[in-house]
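Undergrad:
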Amino acid sequence: MGDYLSVLNPEQRQAVLHTGKPLLILAGAGSGKTRVITTKIAWLIREQGLDPRSILAVTFTNKAAREMSERARLIDDRASAAMLRTFHSFGAWFLRRNGTLGGLDSGFVIYDDDDQISLLSGIMENASRAEVRETAGSISRAKDYFLGPADPELDRINYQPKFRRIYAAYEERMAKIGNVDFGDLIKKPVEILRENPEVASRFKNRFRVIMVDEYQDANIAQFELLKTISGTETYVCVVGDDDQSIYRFRGAEVRNILEFPDRFPGTEIIRLERNYRSTALILQAASSVVARNQGRLGKTLRSEKGEGKLPVMAFLPDQDEEAAYCASLIANAVKKGGRYDEWAILYRTNAQSLGFETEFLRRGIPYRMVGSLKFYEREEIKDALALLSVLVNPRDEVAFRRMVNKPSRGVGPATVDRIIGYSEEFGSDLLKAAGALLPELGTKARTGIETFNTVLEEGKALLAGEKLEGKRKRGKIRDQVPLKETLAAGEGLSSIVVKLIKDSGIADYHLEHDEIAGNQRLNNLQELANAASLYALSMEGLLEFLEHIELDRSLAEETAENSKGVFPNGTVTLITLHNTKGLEFKKVIITGVEQGVFPREDKKGEDIEEERRLFYVGATRAMDELYFCCCALRRLYGRTTPTGPSLFLREIDKGGIRVIGNAPYGFGVGTGKPGNRMPAVSPGGRWRQGDRVFHDDHGYGAVTGIRESDEGPVVSVHFDTGHETRFLSEHQSSRFTKISGD
DNA sequence: CAATTCGGGATCTGC
DNA sequence: TCCCGAATTG
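Put into structure tokens, the structure is as follows:
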């Protein structure tokens, strides 16, 4: 037996060697599940003589898919022929080949949330922005649950009677356009497979082994997809951890993992409970919180690393101090010989990253931000992508609307509506409809449409004629471009990206429109062109490029990161808690662990359980050191609000942590070091008699007293208007702003 | 049609 | 606080 098996512990080996019945691997954080999956793939090929092409491994993120592919290949090269994809990319792959069975042309573009909202706002004409957003969310959720507009159960998603009608209209519109949204990437394949048993059996025969990673994040539609492509002979193996299910908000269904044994009869379960990543004290802190959840299978993680250092709970006055504290921790550690890349700063929402960025820039601490680089959400990038979308799919109403009059070409909304109404006669082809409508338009609109059409036609010609005259044409185009040297066409597909953004005037538009960031915007467009250079200059290449962008937003991050230069000690990672899934760091600081921030104020019931799992995920990223930061004041929505320690901090075993700074009154701990007391905390936490306060309704006032009650400290306030009030410092503090005192 | 102003809402989380 | 869309204005 190969020595690649000897590095496994008994449970891992058991999981790798398991065959026959369906298998559910319950893998705690840091228990080596990726190693198990990759080893299993290699083992199946090597020892079981399986054709790699008959193995399908599904993950949720592209990062995970890439990592898995690399690691499997390291053990056995043939693993590269196995199909390793995310659920969504598998769906897209399926639809490109079999979409016609469901009335879908293979040249579809994937709509993201914004596009979805744009499309929907055309249907819900009088609705507010928020309402459209909400409805778009409902439609996505419905698709996650595999519910169509006619489904009786649809009420559970959105009980409004009109929702069905809107959902149906949306589907109809989308079908006419010939594109798909994220939900369709899962839902449509299932529908096609159900309606075409011969296709389904082809898949059931092709895939002898199907593995699903992070199974706790699967939604109902994804479960259905798994069901429809796995036959009686297919070996199904799912790996997951119910404690790490953090995507309920987008339809993930923990029940999938809880009920897996029922849905796949004969399932065997293997638990991986040895944790190789974190110290025992870190696991203890993480587990003591997640253990409060009701709906969980329950498992005991044991550390293989020894007790380690006490996790730290740092209480800080405000978010500026929080950033300063983190910066000092890191700077000191690096001074002692540590590396920047040992550290990660975790936060609940992207908005929290700003303070750290400022502080790190000021102190010269190198950092990188993961995930939040909303590169593809930038206006100029979306514009360029919309142009490319119209090129591959001239029925793309959303993209057409966005770009036909941008920059302004005298094509007003009335004209656009006419074109769209007229497009029926041209199989919804908007470019053809616009062309046909030309004679009826005024001079301004006519020249505008002509320009737009010409740009796209030339683009199309460039795509189609590449083999014959690609080189010659490229030269010519470069000459006619008015713009400075800033945008350079490179290899392959990048030439067409550059051509479109120049000729359409979008590059100039952004350069001039935004005096401050104009150049940056141009750089971003260049970045997009650079990314495109990896793809072939053809329709297929363009489709691949667009699909990659929609499904894997990390693409631009990597290029942007490379240009930053090399740091000898690496960079600190700034990252949202959600984005840390699957990652690990030596030292982790979880920031903003305050009630109202994490968990957010509006979370309760099952949502709180999900936040707890998120806490668990974050804490178990840490290998050696773990810190929690909790501020007494935080600026939220531009307003400074008093905040209290998160529920989760209260749930941690106080024996297993070290406290730094002033824990609020009633928190249950003094200061970390006995005998070295910090100044006594005031009753009522941050409130003291004599403090000046401000209240939105009553204006200015002063704290007149604090007394204890069953529910915690009660603060009395006398307003300058004469009005008297009392509030529970614990719960209602957020309505009062302290303006003096300390 | 573009520039300016005003007011309200937003910040979750992400394939 | 900031950003975006709608309304207002030139």
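Counting from -6, one number per residue, gives the positions in the first sequence under our numbering.
All C-beta atoms in this analysis are idealised placements derived from N, C-alpha and C, irrespective of residue type, glycine included.
What you are looking at is a predicted structure, and each value in this text was computed from that prediction instead of being measured.
1) Using 8 angstroms for Cβ pairs, my map puts Glu451 next to Asp410. What's the rounded Cβ distance?
2) Taking His711 as part of the beta strand (DSSP E), name the residues at either end of that continuous run.
3) When burial is assigned at 16 or more other CB atoms within 10 Å of the CB, is Phe242 buried or exposed?
4) Would you mind working out which of Glu261, Leu544, Val205 and Gln312 sits nearest Thr636, comparing C-alpha positions?
5) Please check the pair Gly534 and Gly485, which I expect to be a contact at CB under 8 angstroms, by giving their CB distance rounded to whole angstroms.
6) The beta strand (DSSP E) spanning Lys579 covers which residue range?
7) Which class does Leu219 belong to by DSSP, given the choice of helix, strand or coil?
8) Between the stretch 94 to 102 and the stretch 163 to 178, can you find at least three pairs of beta-carbon atoms closer than 8 angstroms?
9) Which class does Ile30 belong to by DSSP, given the choice of helix, strand or coil?
10) Suppose the cutoff is 7 angstroms on Cβ atoms and the five residues either side in sequence are ignored; what does the same chain contact list for Gly301 look like?
11) If you count every other CB in all the chains shown that lies within 10 Å of the CB of Pro475, and 16 or more means buried, which is it?
12) When the Cα atoms are used, what is the spatial distance from Phe175 to Ile18?
13) Using the C-alpha atoms, what's the distance from Glu599 back to Ala123?
14) Suppose the cutoff is 6 angstroms on Cβ atoms and the five residues either side in sequence are ignored; what does the same chain contact list for Asp472 look like?
15) Helix or strand or just coil, what does DSSP make of Thr54?
16) Gln237: which of Thr634, Leu570 and Ser709 sits nearest, CA to CA?
17) According to DSSP, is Met(-6) part of a helix, a strand, or is it coil?
18) Whole angstroms is fine: what's the gap from Phe87's alpha carbon to Arg341's?
19) With a cut-off of 8 angstroms on the beta carbons, I'd call Ala307 and Ile653 a contact; round off their distance for me.
20) Does Val192 pass the burial test, meaning 16 or more other C-beta atoms within 10 Å, or should it be called exposed?
21) With a threshold of 16 other CB atoms inside 10 Å of the CB of Arg201, please say whether the residue is buried or exposed.
22) What number of angstroms, rounded off, separates the C-alpha of Ser531 from the C-alpha of Tyr318?
23) Could you please give me the residues that DSSP links to Val192 through a beta bridge?
24) So, using beta-carbon positions, are Thr31 and Ala65 closer together than 7 angstroms?
25) Using 7 angstroms as the threshold, is the C-beta distance between Thr697 and His716 below it?
26) Who are the Cβ neighbours of Lys579 in its own chain at under 8 angstroms, not counting the five residues just before and after it?
27) Compute the Euclidean distance between the alpha carbons of Glu226 and Pro3, then round it to the nearest angstrom.
28) Taking the straight line between their C-alpha atoms, what separation do you get for Ala20 and Ile582?
29) Could you check whether Tyr104 and Ile132 sit closer than 7 angstroms to each other, using their CB atoms as the reference points?
30) Cutting at 7 angstroms between CB atoms, please list the residues of its own chain near Leu290, excluding the five before and the five after it.
31) Go ahead and pull the three-state DSSP assignment for Glu266.
32) Considering only their Cβ atoms, is the gap separating Leu480 from Ile374 smaller than 7 angstroms?
33) Identify whether Asp617 lies in helix, strand or coil by the three-state DSSP scheme.
34) Answer with buried or exposed for Lys492, where buried requires no fewer than 16 other C-beta atoms within 10 angstroms of its C-beta.
35) According to DSSP, which residues form a beta bridge with Ser296?
36) Note down the Cα distance separating Ala641 from Tyr502, rounded to an integer number of angstroms.
TA: Let me lay it out:
1) 26 angstroms between Cβ atoms; not a contact.
2) Val707 to Phe712
3) exposed
4) Gln312
5) 7 angstroms
6) Phe578 to Ile583
7) helix
8) yes
9) helix
10) Thr272, Ala273, Leu274, Ile275 and Asp617
11) Confidence in Pro475 is poor, its pLDDT being 42 and thus under 50, which makes the residue's placement unreliable; the coordinate value appears in the next sentence. Classification for Pro475: exposed.
12) 28 angstroms
13) 24 angstroms
14) Its pLDDT being 33, under 50, Asp472 is placed unreliably in this model, and the coordinates cannot settle the point.
15) coil
16) Leu570
17) Any reading at Met(-6) must be qualified, since the residue scores a pLDDT of 48, below 50, and its modelled position is unreliable; no value is offered.
18) 35 angstroms
19) 4 angstroms
20) buried
21) buried
22) 52 angstroms
23) DSSP, once it has assigned bridges, lists no residue as partnering Val192.
24) yes
25) no
26) Glu335, Trp336, Ala615, Met616, Asp617 and Glu618
27) 27 angstroms
28) 24 angstroms
29) no
30) Leu19, Asp235 and Leu251
31) coil
32) no
33) strand
34) buried
35) Asn268
36) One point to set straight first is that residue 641 is Phe, not Ala, in the sequence displayed. Spanning the two alpha carbons is a distance of roughly 49 angstroms.
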